[in-house]
């Protein structure tokens, strides 16, 4: 396997140069069928790419003895390991992202057990709708991201919720040729509580297969080029989720409880007049934001109304 590219500086937040945005790669699937195993077991198939990665796994497990966000120690440690910068040789994120971006999906198979654990951890974190940032030094990517273009990033995209992090000379800096991505995400995963750099980077991860549209560009001077992106729904499922739908463990965004007026509107959509005209259909307007449980209760209400109308010829409130 080839080494990761060295354009710009070596950081998760600047690892964007090699993204194949000019075409859509085949979806990532198959890993979800692997069993959940320990972090040490997940890295066995890929340990040959690294120098003594087992020691870094032990560090991650030690630092994640009291995990946050309802994650297990193994799940939290899988995120922790991803955020670590290895002293000798490539870091895990470099080799993993290179495999995620490869046209030949066979290159990804040694990573399947790690992806199962890592993605399980990320999916259990709440999705966040917010603005995040990432960038790259020593290159202008404006021509690669024309306004209106839609594309996927296949690597694990490390972003920061605080742009001041990128201003550090360790990352993007304040001068010279630079490309800064300003991203309005809808599925960001805040991993600060699980990161090796817990108190400094304010890291938000965008999952592999995240899909974007280029909203615009700006070049304010001093070598800085800003590209504004908006995360949108992809045309197909680009990465299979780690859970089956019958055993879903994903933490969903909190859905506001429907107001009394909304419920009143819902229960009045079936009137006797509409019944007589054979138009007994639940009118679903704004209910696409309900949780599955709330929507199921709504459907039960509509079924009860139908039964009343069919039995009595009228709706008794």
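In the numbering used here, the protein residues as written are 4 to 320. All C-beta atoms, glycine included, are put in the ideal place defined by N, C-alpha and C.
Query raised in the report: Under a Cβ-count criterion, where at least 16 other Cβ atoms within 10 Å of its own Cβ denotes burial, should residue 235 be classed as buried or exposed?
Result: Locating residue 235 in the chain shown gives position 232, where the first residue counts as 1. Residue 235 is exposed by the Cβ-count criterion.
Query raised in the report: What's the C-alpha gap between residue 29 and residue 211?
Result: Position 26 of the chain shown, counted from the start, is the residue given in the question as residue 29. Position 208 of the chain shown, counted from the start, is the residue given in the question as residue 211. Their Cα atoms are separated by approximately 12 Å.
Query raised in the report: The alpha helix (DSSP H) spanning residue 65 covers which residue range?
Result: On the chain shown, position 62 is the one that residue 65 refers to. Per DSSP, residue 65 is one residue of the alpha helix (DSSP H) stretching across 56 to 66.
Query raised in the report: In three-state DSSP terms, what is residue 214?
Result: In the chain shown, counting from the first residue as 1, residue 214 sits at position 211. In the structure shown, residue 214 falls within a strand segment according to DSSP collapsed to helix, strand and coil.
Query raised in the report: Could you give the residue range of the beta strand (DSSP E) that holds residue 100?
Result: Counted from its first residue, the chain shown places residue 100 at position 97. In the DSSP assignment, residue 100 falls outside any beta strand (DSSP E) and within the unbroken alpha helix (DSSP H) covering 95 to 103.
Query raised in the report: What residues in its chain sit with their C-beta under 7 Å from that of residue 54, if we drop five residues either side in the sequence?
Result: As a first step, residue 54 must be located in the chain shown, where it is residue number 51. Its chain contains 91 and 92 as the residues whose beta carbon lies nearer than 7 Å to that of residue 54, once the 5 sequence neighbours on both sides are disregarded; these appear in chain order.
Report task. Would you list the residues sitting across from residue 206 in a DSSP beta bridge? Result -> On the chain shown, residue 206 is found 203 positions in, with the first residue counted as 1. Residue pairing for residue 206: DSSP places it in a beta bridge opposite 163.
**Report entry** Coil, strand or helix - residue 75 by DSSP
**Finding:** For this step, residue 75 is matched to residue 72 along the chain shown. It is coil, neither helix nor strand.
Report task. Identify which residue in 72, 168, 41 and 68 has its Cα closest to the Cα of residue 57. Result -> In the chain shown, residue 57 corresponds to position 54, counting from 1. For the residues 72, 168, 41 and 68, the minimum Cα distance to residue 57 belongs to 41.
Query raised in the report: When DSSP labels each residue in this structure, what does residue 144 get in the three-state scheme?
Result: Position 141 of the chain shown holds residue 144. The answer is coil: DSSP assigns residue 144 none of H, G, I, E or B.
**Report entry** residue 201 beta carbon near the ligand NAP (any heavy atom closer than 8 Å)
**Finding:** The ligand NAP is absent from the structure shown, which contains no ligands of any kind.
Query - Segment contact flag, the segment 118 to 130 with the segment 224 to 240, C-beta cutoff 8 Å, min 3 pairs - result: Too few Cβ pairs lie closer than 8 Å, so no.
Requested in this report: Using the Cα positions of residue 164 and residue 21, report the straight-line distance between them to the nearest angstrom.
Outcome: As a position in the chain shown, residue 164 is number 161, starting the count at 1. As a position in the chain shown, residue 21 is number 18, starting the count at 1. If I take the Cα positions, the gap works out to 23 Å.
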